[in-house]
Amino acid sequence: MHVMVDPSEVKRFLLFLKLYGISHEVLIANVQSIIDTETEANARYSNTFGWKRYNTLAEIETWLDGILEKYSNVTEEFVVGTSYEGRTIRGIKISYKEGNPGVIIESNIHANEWITSATATWFINELLSSENQVVRELAENHDWYIVPVLNVDGFVYSHEKNRMWRKTRQPSNFSSCIGVDPNRNYDSHWMQNDGASDDPCSQVYGGPHAYSEPEIKAMSEFIFSIKDKVNVLLAFHSYGQVLLSPYGHTAEEFPENYEDLMQVAKAYADAVGTLSYGSVFQYGSVASVLYQATGATNDWAYEQGILISYTIEFRDSGNFGFVLPPAFILPNCEETLTGIIALLGECQKLGYLDAK
Ligand SMILES: [Zn+2]
1 MHVMVDPSEV KRFLLFLKLY GISHEVLIAN VQSIIDTETE ANARYSNTFG
51 WKRYNTLAEI ETWLDGILEK YSNVTEEFVV GTSYEGRTIR GIKISYKEGN
101 PGVIIESNIH ANEWITSATA TWFINELLSS ENQVVRELAE NHDWYIVPVL
151 NVDGFVYSHE KNRMWRKTRQ PSNFSSCIGV DPNRNYDSHW MQNDGASDDP
201 CSQVYGGPHA YSEPEIKAMS EFIFSIKDKV NVLLAFHSYG QVLLSPYGHT
251 AEEFPENYED LMQVAKAYAD AVGTLSYGSV FQYGSVASVL YQATGATNDW
301 AYEQGILISY TIEFRDSGNF GFVLPPAFIL PNCEETLTGI IALLGECQKL
351 GYLDAK
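If you use full-length UniProt numbering, the sequence shown corresponds to residues 1 to 356, in order.
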């Protein structure tokens, strides 16, 4: 378990650990110092969109406009819906030909996981501009539906007010705490088995009811509307370096095609392992590898018949956590591309990319 402790609580926390005989190590001595370093790195490249720094929502949208214009023959914008604060949640469809299997990428549902939208935007760019033969085949033989930033309100808040913000920004009717964990808000075993919290102040608050968050209601409707054309769903998250398949509500039960899901996840992990960075990815079901979590995208999508459905936790394993330094953006992107090529290759072998 990774815990972030307020400086004023450190003494008490250490006492607590001692009292219960819990061993510990310090991963990040001062979270603010790595946020400051990240802010400096972002400022260094402040005039150029790119992947040496983390871009704001406005920068990502301007970039997306340019991409849609430049590649208008193979791209199409889609609008997922409107956020609580009234922002438009945008996505891009990339399709080179008719009849391709569909892949949905949901990204930055958790606001503070900036590496996810950085990776999603890089991936879009790669699909459209790479001249590498393997990437060309990847791009042209699948239909891509990519939402680079789903939790737009939270993302803006994490840039402007609180780097560690995770949830949406909708206030609660009965608490002064704001926001819901959007990845606990889909209508899939919602709030069952302690898979989310009913406390609005919790980081994993499931909301007053399933789909209480307009972002999630809209995203579920969007996915539902295209589910018959979609074979694979990948939800980008950080951190932890793990591929998580259904289910999240119980570790006692596994999906019917669990063996296939593990074989496909292994292909991703093995491929990433061949790169020089030495990153190790684990895999398994949410509840068996992590903990019980309900109302998440991957479980919900699986229940809609998207039988290859994962949450992918990107870098790292805790040295920087959510505040992954910008220097690691490109290595993470490279790992993701390599992993997805292998993942879809394995899906193809197992027959999951056939027309539905
Ligand atoms: Zn996440």
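Beta carbons: idealized from backbone N, C-alpha and C, even for Gly. Please read these numbers as outputs of a predicted model, since none were measured by experiment.
Rounded to the nearest angstrom, the gap between the Cα atoms of ALA218 and SER83 is 9 Å. Under the three-pair Cβ rule at 8 Å, the segment 143-151 does not count as touching the segment 347-356.
If only complete runs of 3 or more residues are kept, the segment 133-158 shows the beta strand (DSSP E) at 143-147, in order along the chain. Put simply, the segment 165-175 does not touch the segment 119-130. Fewer than three CB pairs are less than 8 Å apart. Within its own chain, the residues whose Cβ lies closer than 6 Å to the Cβ of SER158, once the five positions on either side in sequence are excluded, are ALA111, ASN112, TRP165, listed in chain order. Distances taken from the Cβ of HIS237 to the heavy atoms of ligand 1 include one shorter than 7 Å. Distances from the CB of ASN125 to the heavy atoms of ligand 1 are all 7 Å or more. According to DSSP, ILE89 shares a beta bridge with GLY81.
The beta carbon of SER212 sits closer than 8 Å to those of GLN170, VAL180, ASN185, all from its chain and outside the five residues before and after it, given in chain order.
Under the criterion of beta carbons closer than 8 Å, SER309 and ALA301 qualify as touching, at roughly 5 Å. In this structure VAL264 touches GLU346 by the C-beta definition: roughly 5 Å separates them, less than 8 Å. Partner residues in the beta bridge of GLN282, as assigned by DSSP, are VAL242. Rounded to whole angstroms, the Cβ separation of SER245 and LEU261 is 4 Å, and the two are in contact under 8 Å.
The continuous beta strand (DSSP E) containing SER107 extends over residues 102-107. ILE226 is a Cβ neighbour of GLY102, given a cutoff of 8 Å. In the assembly as shown, ASN173 is an exposed residue. Its beta-carbon has fewer than 16 other beta-carbons within 10 Å.
DSSP, reduced to helix, strand and coil, places ALA43 within a helical segment of the structure shown. Taking non-hydrogen atoms of ligand 1 into account, the C-beta of GLU113 is found less than 7 Å away from one of them. In this structure, DSSP gives THR311 an extended state, which the three-state scheme calls strand. In this structure SER188 does not touch GLY21 by the C-beta definition: roughly 37 Å separates them, more than the 8 Å allowed.
In this structure the segment 50-63 does not touch the segment 189-205; the number of beta carbon pairs closer than 8 Å is below three. The shortest CA-to-CA distance from LEU150 to any of GLN133, ARG87, TYR205 is the one to ARG87.
Judged by DSSP in its simplified three-state form, PRO255 adopts coil rather than helix or strand.
For ASN183, the CB falls within less than 7 Å of some heavy atom of ligand 1. Around the CB of ARG44, fewer than 16 other CB atoms lie within 10 Å, so the residue is classed as exposed. In this structure, the beta-carbon distance from PHE314 to THR37 does not fall below 8 Å. For GLU76, same chain residues with a beta-carbon under 6 Å away, outside a window of 5 residues either side, are LYS93 in chain order.
ALA196 carries a coil assignment under DSSP once its states are collapsed to helix, strand and coil. The DSSP-derived three-state label of ILE306 is coil.
If you check the C-beta of HIS2 against ligand 1, you find no heavy atom less than 7 Å away. Non-local beta-carbon contacts of VAL135 in its own chain, meaning distances under 8 Å to residues more than five positions away in sequence, involve GLU126, LEU127, LEU337, ILE341 in chain order. By the C-beta density criterion, GLU25 is exposed, having fewer than 16 other C-beta atoms within 10 angstroms. Judged by DSSP secondary structure, LEU233 falls outside any alpha helix (DSSP H) and instead within the beta strand (DSSP E) spanning 230-237. CA-CA distance, GLY273 to LYS266, rounds to 10 Å.
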